[in-house]
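First comes the structure, then the notes that go with it.
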Amino acid sequence: GAVVSQHPSRVICKSGTSVKIECRSLDFQATTMFWYRQFPKQSLMLMATSNEGSKATYEQGVEKDKFLINHASLTLSTLTVTSAHPEDSSFYICSAQDTGELFFGEGSRLTVL
Amino acid sequence: GDSVTQMEGPVTLSEEAFLTINCTYTATGYPSLFWYVQYPGEGLQLLLKATKADDKGSNKGFEATYRKETTSFHLEKGSVQVSDSAVYFCALIAGTYKYIFGTGTRLKVLA
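Residue numbers (our numbering), protein chains in the order written: chain W, 1 to 113; chain X, 114 to 224.
Quick look at the structure:
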């Protein structure tokens with residue numbers, strides 16, 4: 001199947017700094033990618049839909065200025081957590097569709113100290 | 114709104130035991146239903162799916178039947194192996210792209 005790769009898999013940062021997470025489709029082009037957030041023992045929650053060449057579509061309750069999404073090419077979407085705080089610590093997962101099936105990245109665990 | 118409820122884990126079984134992980138859903142219309150599996154250190158992978166009532170999805174010895182009357186999609190396997198240890202997510206999609214996931218059930222299989 002198609003491969004979606006995320007980087008970094010783990011990141012630790014200080015409060016107030018910004019962190020960028022990359023999501024790449026390795027063997028297919030993805031006009032649309034999705035960013036999820038997973039809290040411990042909770043569901044994956046869709047944060048936003050990343051559209052190549054246009055603005056991302058954010059789900060209700062997700063701060064656009066906090067979670068900046070850029071989808072500059074058909075194989076790369078980035079999520080930047082700006083001015084991170086401890087409550088932003090979480091597991092972030094991206095996904096992309098190829099031939100109707102959803103493929104997921106490995107996830108990125110963010111810890112904000 | 115649409116939702117997925119699955120049994121809380123962790124589920125701990127001995128090798129060759131029978132597995133059932135319950136999943137029920139609430140959705141308007143006729144959703145497609147999925148089971149995803151996440152092995153340690155890896156991303157989510159599609160395990161099986163069913164797109165209409167009474168469909169049975171199957172893969173790697175796992176099965177789940179789309180039961181519209183009970184709004185359920187329980188995951189079963191007749192004989193689990195240590196390599197099946199993972200987190201299992203039930204999910205549905207009722208629109209063009211918005212997947213709704215359950216909380217995940219961690220399965221641990223002991224040798």
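Beta carbons: idealized from backbone N, C-alpha and C, even for Gly.
{"Asked": "Whole-angstrom C-beta distance between W148/X and L161/X, which should lie under 8 angstroms", "Found": "5 angstroms"}
{"Asked": "Classification of G156/X by the beta-carbon crowding that lies within 10 angstroms, buried from 16 upward", "Found": "buried"}
{"Asked": "Coarse secondary structure for G168/X, derived from DSSP in three states", "Found": "As written in the sequence, residue 168/X is Asp, which differs from the Gly given in the question. In this structure, D168/X counts as coil in the three-state DSSP scheme."}
{"Asked": "CB contact flag (S90/W, Q6/W, <8 angstroms)", "Found": "no"}
{"Asked": "Contacts that Q29/W makes with chain X (C-beta to C-beta distance below 9 angstroms)", "Found": "Per Cβ cutoff of 9 angstroms: no residues; Q29/W is ~16 angstroms from chain X at best."}
{"Asked": "Residue-level contact to chain W via CB, G114/X, 8 angstroms cutoff", "Found": "no"}
{"Asked": "Test: L146/X CB closer than 8 angstroms to a CB of chain W", "Found": "no"}
{"Asked": "Paired residues, beta bridge with A177/X - DSSP", "Found": "G170/X, L188/X"}
{"Asked": "For V193/X, three-class secondary structure by DSSP", "Found": "coil"}
{"Asked": "Nearest residue (CA-CA) to M47/W, options S95/W, V11/W, V4/W", "Found": "S95/W"}
{"Asked": "Contact belief for Y179/X with D167/X at Cβ below 8 angstroms, rounded distance in angstroms", "Found": "6 angstroms"}
{"Asked": "In chain order, each beta strand (DSSP E) run of at least 3 residues that lies wholly inside the region 49-101 of chain W", "Found": "67-73, 76-81, 90-98"}
{"Asked": "Under 9 angstroms (Cβ pairs) to chain W, residues found in the region 155-169 of chain X", "Found": "E155, G156, L157, Q158, L159, K162"}
{"Asked": "Residue-chain proximity (Y152/X, chain W), Cβ-Cβ < 8 angstroms", "Found": "no"}
{"Asked": "Where E22/W sits in the DSSP three-state scheme", "Found": "strand"}
{"Asked": "Per-residue burial, G170/X [other beta carbons within 10 Å of its own, 16 or more giving buried]", "Found": "buried"}
{"Asked": "Within chain W, partners of T218/X - CB distance below 9 angstroms", "Found": "Within 9 angstroms Cβ-Cβ: nothing; T218/X doesn't reach chain W, min ~10 angstroms."}
{"Asked": "Chain X within 8 angstroms of K41/W, Cβ atoms only", "Found": "yes"}
{"Asked": "Between the CA atoms of T183/X and T82/W - distance to the nearest angstrom", "Found": "44 angstroms"}
{"Asked": "Nearest to A30/W (by Cα), restricted to the options S77/W, P40/W, G1/W", "Found": "S77/W"}
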